[in-house]
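K.L.:
Number of protein chains: 2
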Amino acid sequence: MRKKKEYFTENQRKISMYSKALSNPVRVFILDFLLKNASTCCYSGDMIEELPIARSTLSEHLSELKRAGLIQGEINPPYIKYCINRENWEEAKRLLSNFFKQ
Amino acid sequence: MRKKKEYFTENQRKISMYSKALSNPVRVFILDFLLKNASTCCYSGDMIEELPIARSTLSEHLSELKRAGLIQGEINPPYIKYCINRENWEEAKRLLSNFFKQ
DNA sequence: TTCTTATTTCGTAAATTTACGAAACAAAAG
DNA sequence: CTTTTGTTTCGTAAATTTACGAAATAAGAA
């Protein structure tokens, strides 16, 4: 596809970006987990026990969510405490809400 | 990934399915187009004029949206009139709204 | 210093997605 | 019948995604 960028609005590109982050059930699971356990731990080691994937694969899904801006990791060696990035989460919420409101 | 299905809830799988449909800017564009022109035409030939992709590629994106259940095509030869599938659209809206409400 | 621990990065393989043009299709028009 | 028209399907190629285990990393514990 040529000159991809000019053909889409900023909102269309952001909606597709955030949706891509949610396009895999493991990543939806991770976000659900972080939302439900926001008050407690949220280390990748806690999540891996409930998932049928390798630790390295989980790590890559976490990177993907970080790249989309939906989560952030607070380093607390040797642990990394993950949580939702509320600013971008609200942006995704607003964009998708307006999209579906149409 | 082994035994993928059992590890995720029905909602988690549906959220990832609908999000996957929205994970490409062309498909977001198509949905925007259908929403804005719901009262008029909505043939693929109308959309292709505003997109930098081949007709066959657009056709495949339309199939992807059909497969996810977000649109439907009413055959009116040699045209196909596309529109939003409101039932599934409302389901996607509800699932994502509840997800982001957390 | 060396060990342990939680996690990420690397190398790689398999599967899926995106894309194109050519060919096929289905139905109305000539 | 053949032609035209809008669209999809096919064959294929390139790019991206998902996955794994091994190795690397970083920092506290021994």
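These protein sequences, in sequence, are chains A and B.
My numbering applies: residue 501 is where the first sequence begins, and numbers increase by one.
My numbering applies: residue 501 is where the second sequence begins, and numbers increase by one.
The C-beta atom is built at its ideal place from N, Cα and C for all residues, glycine as well.
The model shown is predicted, which means the values in this text are computed figures rather than measured ones.
(1) Would you please verify whether the beta carbon of LYS503/B is less than 8 Å from any beta carbon of chain A?
(2) Distance check for GLN572/B and LYS566/B, CA to CA, integer angstroms please.
(3) Taking DSSP's pairing of strands, which residues face ILE584/B in a bridge?
(4) Leaving aside the five residues before and after LYS503/B along the sequence, list all residues of the same chain whose C-beta is less than 8 Å from its C-beta, in chain order.
(5) Using CA atoms only, rank isn't needed, just tell me which of LEU522/B, ALA538/B, THR509/B is closest to VAL528/A.
(6) Only counting the same chain, and skipping five residues up and downstream in sequence, which positions put a Cβ closer than 7 Å to that of ALA521/B?
(7) Whose C-alpha, out of ALA538/B, ILE515/B, SER516/B, is nearest the C-alpha of ARG586/B?
(8) Between SER559/B and chain A, is the shortest Cβ-Cβ distance under 8 Å, so that the two count as touching?
(9) For LYS601/B versus TYR543/B, is the C-beta spacing smaller than 8 Å?
(10) Can you tell me whether MET501/A is buried or exposed? The criterion is at least 16 other CB atoms within 10 Å of its CB, across all chains shown.
(11) Whose CA, out of GLN512/B, GLU506/B, TYR507/B, lies closest to the CA of ARG594/B?
(12) Cβ of TYR507/B less than 8 Å from any chain A Cβ?
(13) Could you work out which residues of chain A lie near LYS581/B, taking near to mean beta carbons separated by less than 7 Å?
P.N.:
Well, looking at it:
(1) Because the pLDDT of LYS503/B is 39, which lies under 50, any placement of that residue in the model is unreliable, and the number read from its coordinates should be weighed accordingly. With 8 Å as the cut-off, LYS503/B counts as an interface residue toward chain A.
(2) 6 Å
(3) ILE571/B
(4) Because the pLDDT at LYS503/B is just 39, under 50, the model does not fix this residue reliably, and the value given afterwards should be weighed accordingly. Result list for LYS503/B: empty, nothing under 8 Å.
(5) THR509/B
(6) ARG527, GLU564, LEU565, ALA568, LEU570
(7) With distances taken between Cα atoms, ARG586/B lies closest to ALA538/B.
(8) Cβ-Cβ to chain A under 8 Å: no for SER559/B.
(9) no
(10) Here the model assigns MET501/A a pLDDT of 40, short of 50, so the residue's position is not dependable, and the following value carries that caveat. Looking at its Cβ environment, which holds fewer than 16 other Cβ atoms inside 10 Å, MET501/A is exposed.
(11) GLN512/B
(12) yes
(13) Those within 7 Å of LYS581/B in chain A number zero; the least Cβ separation is about 19 Å.
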